[in-house]
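Just below is one structure, and these are the notes that go with it.
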Amino acid sequence: MLLAFDTSSAAVTVALADPLSGEIVASSTAVDALRHGELLAPAIAAALETAGCTASDLTRIAVGVGPGPFTGLRVGLVTARTMADVLGIEVAGVCSLDILARQSSLTLPVAVATDARRKEIYWALYDGPAADGSRRRLEGPAVDRPAEVAHVLSGLPVIGRGAVLYAEALGVTDVDVAEYPSAEVLATGVATGTLDVVEPDPLYLRRPDVTMSAGPKSVLPK
1 MLLAFDTSSA
11 AVTVALADPL
21 SGEIVASSTA
31 VDALRHGELL
41 APAIAAALET
51 AGCTASDLTR
61 IAVGVGPGPF
71 TGLRVGLVTA
81 RTMADVLGIE
91 VAGVCSLDIL
101 ARQSSLTLPV
111 AVATDARRKE
121 IYWALYDGPA
131 ADGSRRRLEG
141 PAVDRPAEVA
151 HVLSGLPVIG
161 RGAVLYAEAL
171 GVTDVDVAEY
181 PSAEVLATGV
191 ATGTLDVVEP
201 DPLYLRRPDV
211 TMSAGPKSVL
221 PK
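Note that the UniProt record's numbering numbers the sequence shown so that position 23 is 23, with each residue one more than the last.
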């Protein structure tokens, strides 16, 4: 079985699929930007139980590599790598923006914009779909303030949470309904070869929001 999950956004999305056909046998999605670590393992366990499988039945893992905020993205990638190492199976990484682009049913070129926090978006541009539904990434991924890239995304249908949050700044009037990456699309795309696979390394695109302390501050008068 192919296990797929993505934690690059506020959503924790998990799916189990046939590794050859990509047919989905179990899936779930929960949106909670602060509980990736609490939600992912139970969601994986529930998917396996629903499908009547155990972890030993897994033959491959697919994971979204971002771009995304540091903490949530790390939860997914560490989980994928740890499980794969224990089970002795392959991990296939996929750019999370590619997953969103693949979710669109539009037959036109599209842009993807997700929430990068700090009033910024992660974005990328994609060509129209090929016969098998795959899309070629033309530009990105990158991180910018919405107003700085509005001219780049202008005239394109925009997919993702970033387009919902910053529709006015981006000049978006027609927002695709998909806000978060889908593990079902990730699983099917990896199984059928319609999503590009990369190494399971995180795409942070910038330094983490949380930094190490420089040490205790002195309380003694100078």
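Glycine included, each C-beta is placed from N, C-alpha and C at the ideal position.
Let me know if A84 comes out buried or exposed under the rule of 16 or more other beta-carbons within 10 Å of its beta-carbon. buried
If you run the structure through DSSP and keep just helix, strand and coil, what is P141? strand
Report all residues from its chain with a CB closer than 7 Å to the CB of S28; omit the five preceding and five following residues, and keep chain order. V14, A43, A46, A47
With a Cβ-Cβ cutoff of 8 Å, do P146 and L125 count as a contact? no
Please give the ranges of any alpha helix (DSSP H) in the UniProt domain "Gcp-like" (34 to 151), keeping only runs that are unbroken, at least 4 residues long and fully inside the region. 36 to 51, 70 to 87, 96 to 103
Could you check what DSSP says for residue 239 in three-state terms: helix, strand or coil? Not covered by the structure: residue 239. The range shown for the chain is 1 to 222.
Flag this pair as yes or no: are the beta carbons of G93 and S8 separated by less than 8 Å? no
In this structure, does DSSP put A178 in helix, strand or coil? coil
Rounded straight-line distance, which links the Cα of V172 to that of T50: 39 Å
Taking C-beta to C-beta, are L2 and C95 nearer than 8 Å? no
If we call anything under 8 Å between Cβ atoms a contact, is L100 one with A150? no
Residue span of the alpha helix (DSSP H) that contains A187, given as start and end: 183 to 192
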